[in-house]
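Quick notes on the structure that follows.
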Amino acid sequence: RSTLFPYTTLFRSTNREARYEDPRNIDLITDFSSALCADKSRGVITISPEYRLAPEHPFPAGRDDVLTALRETMRRHRGAPLFLMGDSAGVGLVYQALQALEDEELARVSGVLALEPCLNPLLVSASSYDYRDAPVWPRPTATISWDHYQAGGAQPWQVCPPMGRDRRPFPPIYVAVNTADLLRDEAVSWAWDLVRSGVAVDLHSFAGTVHGWSTVPPTKTWERMKDTIRSFITTCPVGRSEERRVGKECR
Numbered sequence: 009r010s011t012l013f014p015y016t017t018l019f020r021s022t023n024r025e026a027r028y029e030d031p032r033n034i035d036l037i038t039d040f041s042s043a044l045c046a047d048k049s050r051g052v053i054t055i056s057p058e059y060r061l062a063p064e065h066p067f068p069a070g071r072d073d074v075l076t077a078l079r080e081t082m083r084r085h086r087g088a089p090l091f092l093m094g095d096s097a098g099v100g101l102v103y104q105a106l107q108a109l110e111d112e113e114l115a116r117v118s119g120v121l122a123l124e125p126c127l128n129p130l131l132v133s134a135s136s137y138d139y140r141d142a143p144v145w146p147r148p149t150a151t152i153s154w155d156h157y158q159a160g161g162a163q164p165w166q167v168c169p170p171m172g173r174d175r176r177p178f179p180p181i182y183v184a185v186n187t188a189d190l191l192r193d194e195a196v197s198w199a200w201d202l203v204r205s206g207v208a209v210d211l212h213s214f215a216g217t218v219h220g221w222s223t224v225p226p227t228k229t230w231e232r233m234k235d236t237i238r239s240f241i242t243t244c245p246v247g248r249s250e251e252r253r254v255g256k257e258c259r
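Following this line, the structure appears as structure tokens:
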């Protein structure tokens, strides 16, 4: 009997509904099944949850929808390796959902893929000024978008919760940034904040990339990124919840 290992993909906030297939889902299924599943009769499925969008539905509506979908995935696929993937604003949603999970739920997640993260509404990093006129995601667009997302009165620390020093069981996280992107420095700062909190982080930068272009199939950059992602997921422990249970018993 074949078992489908869930590989949850949470993509960036767009108006495209989930019924329209993202070509990256096909890449994840065809390219990563062998990396995740030694048994060739098994494979990878992707789950792309729909979530409410701002300005009609500001924070925490989207976060809550992703969290509900994630918990339902955990319920339906108990014991299966579970990876989360976010691109741009999707990384912010993944991070918000992770922060809202209980420790036992966190231990169910084998790893996280965070591509060109959009996380912090403050926009105070050097790159947010250096690339204020960058294509795809210039500073004026970012400012307006964050205003809409926070229209319900949410504060920056609620939208991008700081990592504490209590060593919660966060999964390993892969972070990929673009070199010519106003979001670059906030993502790098976030990665180091994760490291200081004891999280295993793989941080990658791809030369000559701008926001939204590095993850477009079948470009050479996307192929390079997939190679690093494949290497990352093969090093992620898939039984973290069991390891945590045994660790508690030993104590």
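According to our numbering, the sequence shown is numbered sequentially starting from 9. Even for Gly, the Cβ is constructed at its ideal location relative to N, Cα and C. For clarity, every value in this text was computed on a predicted model and none was experimentally measured.
- Ranking Glu64, Gly70 and His65 by CA distance to the CA of Glu58 puts Gly70 first.
- One alpha carbon belongs to Asp210, the other to Gly161, and they sit about 34 Å apart.
- In its chain, beyond the 5 residues on either side, Leu127 and Asn128 have a beta carbon closer than 6 Å to the beta carbon of Cys168.
- By a beta-carbon distance limit of 8 Å, Gly119 contacts Pro180. Their separation comes to about 5 Å.
- The stretch 212 to 223 makes contact with the stretch 183 to 191: 3 or more CB pairs, one atom from each, lie closer than 8 Å.
- Inside the stretch 194 to 242, DSSP marks whole alpha helix (DSSP H) runs of 4 or more residues at positions 228 to 242, from first to last along the chain.
- The Cβ atoms of Asp39 and Arg238 sit closer than 8 Å to each other.
- Arg140 and Asp35 have their alpha carbons spaced roughly 32 Å apart.
- Scanning Val224, Pro164 and Gly206 for the CA closest to the CA of Gly100 turns up Pro164.
- Between the alpha carbons of Thr236 and Tyr103 lies a distance of about 21 Å.
- Under a 10 Å Cβ-count criterion, Leu130 is classified as exposed, with fewer than 16 other Cβ atoms of the shown protein chains found around its own Cβ.
- A direct Cα-to-Cα measurement between Gln158 and Pro225 gives close to 32 Å.
- Where Ala77 is concerned, the enclosing alpha helix (DSSP H) starts and stops at Ala69 to Arg84.
- In the same chain as Trp198, and ignoring 5 residues on each side of it, the C-beta atoms closer than 7 Å to its own belong to Pro125 and Leu127, in chain order.
- Between Asp95 and Thr223, the C-beta spacing is below 8 Å.
- Just measuring C-alpha positions, the residue of Glu194, Thr151, Pro31 and Pro245 sitting nearest Ala122 is Glu194.
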